[in-house]
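> What follows is a single structure, and I will ask about it in a moment.
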Amino acid sequence: MAATIQGPVFVIIRFPISRVLSCKNSLMKNMPVHKNYSGDVNGISSKVCVLEGNYPQSKGVAILSFASLREAELWKDSVPEIKQHDWMDGVDMIIAPVCKMPPPDKRFVQMIDLRFRNVNQYLTEYSGEVDKELREAGACGGVVSACANRIHKVKGLWDPFYLVINFWPSESAFEASYNSAKNIELRQKRCNFAETVSWVFQLEPIMESQLCY
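Per our numbering, numbering of the sequence shown is gapless, rising by one per residue and ending at 214.
As structure tokens, this is what we get:
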């Protein structure tokens, strides 16, 4: 059973990319419901780039934010189509705690799903170094950093073991950091401590005028 979550949360929806317009339309149609429960649609991806591991490349991602787990749950219970098992041909949906909300100008998203071999070594020999690299590169690191018992699985097959989400100012800023000698060294080190699935995408507003953090 998932632990109680305090503070803001993301609702993360993985949907078939072929249904991206349906997803946008559904989220736009239900915008009043989002607002009724202090929610925002942060954005949606129309494509993903898989960096490591086995991620279903045919899945896009939508991110919604709410002030609390309670409001997120009230929202999902108030949108009838979410309860349909075949909504948008089947989606994965989780609710994850947010450590800190990213600023609105950081919309290139890196998601990392970790399965630890040695969590203590990960924390003592890797985590601090990578946090420093993220800060120096201008990223907002650790927006989400949550183990499985703090993630509420709503529907679908996605069941993260330890989920990390970082927000970057741009794709080019991410690539410059990711391809740097230091980052390559850190990734090689991380392989000793955890199996990794990671992917990135540009978070697009569902409406052109929307910047909604």
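Every residue, glycine too, gets a C-beta built ideally from N, C-alpha and C.
#1: How many angstroms separate the CA atom of LEU135 from the CA atom of CYS141?
#2: Between the C-alpha atoms of TRP200 and ASN43, what's the straight-line distance to the nearest angstrom?
#3: By the three-class DSSP mapping on this structure, what secondary structure does ILE83 have?
#4: Quick check on the DSSP output: what are the complete alpha helix (DSSP H) runs of length 4 or more inside the region 135 to 162, in order along the chain?
#5: What residue does the beta strand (DSSP E) around LYS60 start on, and which one ends it?
#6: State the CB to CB distance for the pair VAL144 and PHE162, rounded to an integer number of angstroms; the pair is presumed to be in contact (CB under 8 Å).
#7: By a C-beta neighbour count over all protein chains shown, 10 Å radius and 16 as the cutoff for buried, is CYS192 buried or exposed?
#8: Figure out for me which residue from GLN7, LYS25, PHE11, PHE109 has the closest Cα to the Cα of MET208.
#9: Bridge partners for SER199 per DSSP, in chain order?
#10: Counting only the same chain and skipping the five closest in sequence on each side, list residues whose C-beta sits under 6 Å from that of GLU72.
#11: Taking 8 Å as the limit between beta carbons, can you name the residues of its chain near TYR127, skipping five residues before and five after?
#12: Just curious, the alpha helix (DSSP H) that MET32 is in, first and last residue?
#13: Within the continuous alpha helix (DSSP H) that includes VAL120, where are the two ends?
Reading off the structure:
#1: 7 Å
#2: 18 Å
#3: helix
#4: none
#5: 60 to 67
#6: VAL144 to PHE162, Cβ: 18 Å. No contact.
#7: exposed
#8: LYS25
#9: GLU53, ILE113
#10: TYR38, SER39
#11: LEU187, LYS190, ARG191, PHE194
#12: 32 to 37
#13: 120 to 123
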